[in-house]
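J.:
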Amino acid sequence: DNDLQKTDRVIGGVPCYHVSRLKEIIAAEQISIAILTVAPQAAQEVGRMLSEAGIKGILNYTSIPLNVPDHITLEESDIITSLEKVAFFVKK
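So the sequence shown is numbered by this note's numbering: it starts at 86 and just counts up by one.
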């Protein structure tokens, strides 16, 4: 699996970990904010994992609206709509 070849490495200066280590890394690095950019079919599950791992805020760039507990700040941004908007103005 190509995704497994990307984990436990530093790519472009960014450490990349397997999702199975999510809770461990969030705790160790005291991370409080997550930017969610996963495939739509994984969005809700990863959102759940983030909330259970102690994340306090999520910026959701997926096309799926998330259900998260009330104590988590959620900002949803549809990147496709944003891209279409930019493309519209560039064509003008």
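Ideal Cβ placement from N, Cα and C applies to all residues, glycine included.
It should be emphasised that the depicted structure is a prediction, and the values quoted were computed from it without experimental measurement.
#1: Measuring CB to CB, does alanine 112 end up less than 8 Å from glycine 139?
#2: May I have the straight-line CA-CA distance separating valine 104 from leucine 144, to the nearest angstrom?
#3: Can you check DSSP and say which residues form a bridge with arginine 94?
#4: Just to confirm my understanding: we take isoleucine 110, look at its own chain, exclude 5 residues before and 5 after, and list those with CB closer than 8 Å. What are they?
#5: So, for leucine 107: in the same chain, excluding its five sequence neighbours on each side, which residues have a beta-carbon less than 6 Å away from its beta-carbon?
#6: Give me the Cα-Cα distance between isoleucine 165 and serine 136, rounded to the nearest whole angstrom.
T.: So, from the listed chains and residues:
#1: Walking along the sequence shown from the start, residue 112 turns up at place 27. Walking along the sequence shown from the start, residue 139 turns up at place 54. Pairing alanine 112 with glycine 139 gives a Cβ-Cβ distance under 8 Å.
#2: The residue given as residue 104 occupies position 19 in the sequence shown. The residue given as residue 144 occupies position 59 in the sequence shown. Within the model, the alpha-carbon separation for valine 104 versus leucine 144 is close to 17 Å.
#3: Residue 94 sits at position 9 when you count from the first residue of the sequence shown. Answer by DSSP bridge pairing, in chain order: Cys101.
#4: Counting from 1 along the sequence shown, the entry for residue 110 is found at position 25. These residues qualify, in order along the chain: Tyr102, Ile116.
#5: Here residue 107 is taken as the residue at index 22 of the sequence shown, counted from 1. Correct list, in chain order: Met134, Ala138.
#6: Position 80 of the sequence shown, counting from 1, holds the residue named residue 165. Position 51 of the sequence shown, counting from 1, holds the residue named residue 136. As the crow flies, the alpha-carbon of isoleucine 165 is around 25 Å from that of serine 136.
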